[in-house]
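In the numbering used here, the protein residues as written are 993 to 1303.
Ideal placement from N, C-alpha and C gives every residue a C-beta, glycine not left out.
Report on one structure; see the data block that follows.
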Amino acid sequence: MKNLQTANEFDVIIVGGGAAGLSSVLWCDDLGLNAMLIEAGEELGGQLLWTYNQIENHLGATAKSGREMRDRFVKQIQKRKFLLKLSSEICEVNLKIKSVTLKHNEKFTAKSIIIATGIRRRKLNVEGEEKFRNKGIIESGKRDQSFVKGKMAVVVGGGDAAFENALILSETAKSVTLVHRSTNFSARSEFVEKVRQTAKINILTETVVQKITGSKRLEAVELKNLQTDESSKLPIAALLIRIGVEPNTELFRGKLDLDNAAYIKVDSIYETNIKGVFAVGDVANPFAPTLSSAVGMGATAVKAIFNRISS
Ligand SMILES: Cc1cc2nc3c(=O)[nH]c(=O)nc-3n(C[C@H](O)[C@H](O)[C@H](O)COP(=O)(O)OP(=O)(O)OC[C@H]3O[C@@H](n4cnc5c(N)ncnc54)[C@H](O)[C@@H]3O)c2cc1C
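Next comes the structure, spelled out in C-alpha cells:
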C-alpha cells in the first residue's frame, strides 16, 4: 500500500478492512478520490481471516481458504494510493462533520465516510469462554477436525453453521453433542435430517451451556435443561460455538438509524440517514451477505460519492 497521503483531510474515510472496505479503497483510487482506510485489526481481510472453507462462488477467483482469497484482494490493492491505518482503534466519530479521532488524538476529516465494519460471531457470555479460547474452544469444524479425533465434542447452536459443523466434526470425533436452547432449528432440513441419521451425533434441545470448566484446558461444560431446570456436567475436549453473528455497530449506536438487530439502515446507494455517510458489506445487512455483495456495495457507494463530488 502506498501511504502517500499525509494531510488529515480526505475525500473518503473508510472504516473496516474486510472485502467491502477493500473494494471501496480500490474504487476510490480508480476514481481519483483520496481515501484513508482504518482497520481495527492487525491485518486486512475481516471474516476472510477466519474462513477455513474453500471459496468457489466468487466470480473470477476461487481460493482454497479465506486467507488465500484475502491475499489476492490485498495484492490487488497494494499499488493503489491510500492511507492505511492498521490496529487503529477509533475513540470518537462525528458523523455530522465527518471526523474520526484515533488514539493519541489523531483526528481525520473527510467529505464522506464509508462504514464497512462487518460482523462478528456471537458469544455465549458464560464463565470460562475467554479462558478456554483455543484451549479446547475451537474456531472451525473444518480446521479443527484433526484436533477432535477420537474426542468428545459439543457444538452449540441450531442454525446451518451449527449443524454443518456437527457433521464435519462427527467424521473424526468419538461423539458430538449438539446443544440448542429451543426445539426449533433454523438449519436447512437436509442438514437436520443428516444429523439425525448420524449415530455419533446426539441432540440436546431446550438446553443451554452455563459454564465452561477445566484446569489448563477445557474439560467439561455445565449444561442446564430449560424445561426441568436441572443442571448436568458433560466431560468434553472440544467446544464449537455457532450461535449466530452480530454487527460491529457499537461506535454508531445513537448516531445512525439501525434496524432491530443493530445493523445499519441504508438506501439503494448504501447511504445512511446521514448524508455523506454510507454503510457497505455485512454491517448493512445485505440480502445475500457474501463477498460479491460486499464488493459491489463498496463500488456503488464510492461511485455515488464520486458523482456528488464531481457534480
Ligand atoms: C465461515 C465463513 C464462510 C464464508 N464463505 C463464503 C463464501 O464461500 N462465499 C462468499 O461469497 N462469502 C462467504 N462468506 C461471507 C463473506 O466472507 C462476507 O460476506 C464478507 O467477508 C463480508 O465482508 P465485510 O467487509 O462486509 O465485513 P468483514 O469481513 O466482517 O470485515 C469488517 C472489518 O471491519 C473491521 N472493524 C470492525 N469494527 C471496526 C472499527 N470500529 N474500526 C475499524 N475497523 C473495524 C473488522 O476488524 C474487519 O476487518 C463466509 C463467511 C464466513 C464467516
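- Between the segment 1244–1258 and the segment 1206–1218, the count of Cβ pairs shorter than 8 Å is below three; the stretches do not touch.
- In the three-state reduction of the DSSP assignment, isoleucine 1195 falls in the strand class.
- By the Cβ criterion, the segment 1155–1164 is in contact with the segment 1126–1145, since at least three pairs of Cβ atoms, one from each stretch, lie closer than 8 Å.
- Contact between valine 1171 and leucine 1232 does not hold, since the beta-carbon distance rounds to 10 Å and is not under 8 Å.
- In the DSSP annotation of this structure, isoleucine 1030 is not part of any alpha helix (DSSP H); the continuous beta strand (DSSP E) holding it starts and ends at 1027–1030.
- A Cβ-Cβ separation of about 5 Å places isoleucine 1111 in contact with proline 1239 under the 8 Å criterion.
- Membership of aspartate 1022 in the alpha helix (DSSP H) is indicated by the continuous run 1011–1022.
- Of the residues Val1140, Leu1116, Lys1267, the one whose Cα lies closest to the Cα of lysine 1203 is Leu1116.
- Scanning Leu1283, Gly1273, Leu1025 for the CA closest to the CA of isoleucine 1107 turns up Gly1273.
- Rounded to whole angstroms, the separation of the alpha carbons of isoleucine 1129 and leucine 1075 is 37 Å.
- Spatial neighbours of glutamate 1048 in its own chain (CB-CB distance under 7 Å, excluding positions within 5 residues in sequence) are listed in chain order as Thr1054.
- Not one heavy atom of ligand 1 lies closer than 8 Å to the C-beta of proline 1227.
- For glutamine 1219, the closest of Val1237, Ala999, Pro1227, Val1200 by C-alpha to C-alpha distance is Val1200.
- Residue pairing by DSSP places asparagine 1217 opposite Thr1199 in a beta bridge.
- Counting the other CB atoms within 10 Å of its CB gives glutamate 1182 a total below 16, which places it among the exposed residues.
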